[in-house]
Every structure is written in structure tokens, then in C-alpha cells.
Amino acid sequence: MKRRALYLAIGLFAGLGLSAVGLKAHILLPHKPGQTADWVKKMRVEDYGRQQVIYHLDQSAGVLNGHYRHVLQVAQNHVDAVGAEKLDLRIILQGEGVDFLSWARDNFDARHKIDELKLQGVKFLVCRNTLLARGIDPDRELYDVRKEDVIRTAVGEIAQLEQKGFQYIKP
């Protein structure tokens, strides 16, 4: 029995070590600009038309807040691709996704990116049910949440927006 526990512990630590090495390699050795094929860089692309989009964020931050950083990058890429004047983007935060604004409260880069997105018309909407269920005070615990940013329920808001023609994306 002790031998099985020992093998399990060794396997667990070896797996964690390999994961850490892979993560470190990904962080330290990202793809570099300039490696992309010329035809991709020079490719002509058509303009997108008007878009109404919901991003549903109900997951945790992931390793090194990677998921939250990804959402901010995807949102900015979306604004850049479509144009702020043609994009109505609502990021709906529910469950663990509300922690996104808690993380941002203590992270300068995240606050800056959120502020930039808001200046471009992106709305960050927070589920009231989550605030109540988790006992979260948005004034003290979350970044830049105003009364008009709090919605009754995330799923209710998503359904209503879809009825109005919004497209659902889970980044």
C-alpha cells in the first residue's frame, strides 16, 4: 500500500514538473513577429458589417490569469477587426467570471485594457444573482462596476439579447 502511494506521489510530482516546464517554455518562447508568411501579412480582407455580440464569461482565470488575459485580447482584436463604431459588444460576467473584475481591481494592465475597451463602447455586465449568492460588494471588491452594469441574471440577459439578434460567443 505504501509503495502504491509512493508511486502515485512520484507520478504526480513528475507530471506537475513537466507541466511547469511546458508552461515556462510557452511563456519564454512565444512566436515572434516577422515569422508569419508574407502572403498572410499582405492578404486583403473584406470589411465586416455591423455586429452585436455577447461574450459569456463564467469561468475562472486559469493558470497565471491566462483566461482573463485571453478574453481582454480577444475583445480588443474584435474591436480592431470590426471597428468600434460597428460593434456592440457586451461581456457578461457570471459565476467565477465575476472574479475577472476582482483580478482587474489589483492589476494595472487589466484595468488599463478594460478602460480602453469601455472607451471603445464595450460593456461589462455583472450578474446580480452571482453578487448575491457569493456576497460580493461590487463597490469594494470589483473594478469599476456602476449600478447600470449590474444585470438581473446572466442567462436571462443573454436570452433577451439573443432575441434581439446578438450572437453568443464563449471566448
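All the letters of the sequence shown, read from the start, carry residue numbers 54 to 224 under the numbering used here. Here a beta-carbon is modelled for each residue, glycine too, at the ideal position from N, C-alpha and C.
In the three-state reduction of the DSSP assignment, Y221 falls in the strand class, which pools E and B. Counted as a single uninterrupted DSSP element, the stretch harbouring D190 is not any beta strand (DSSP E), since DSSP gives it neither H nor E. Proximity to L184 across I211, L154, E169, K166 peaks at L154, based on C-alpha coordinates. Secondary structure at K200: helix, using DSSP grouped into helix, strand and coil. Rounded to the nearest angstrom, the gap between the Cα atoms of I222 and I107 is 6 Å.
As computed with DSSP, F177 is found in a beta bridge with I144. Inter-residue distance for N182 and V116 is about 26 Å (C-alpha atoms, whole angstroms).
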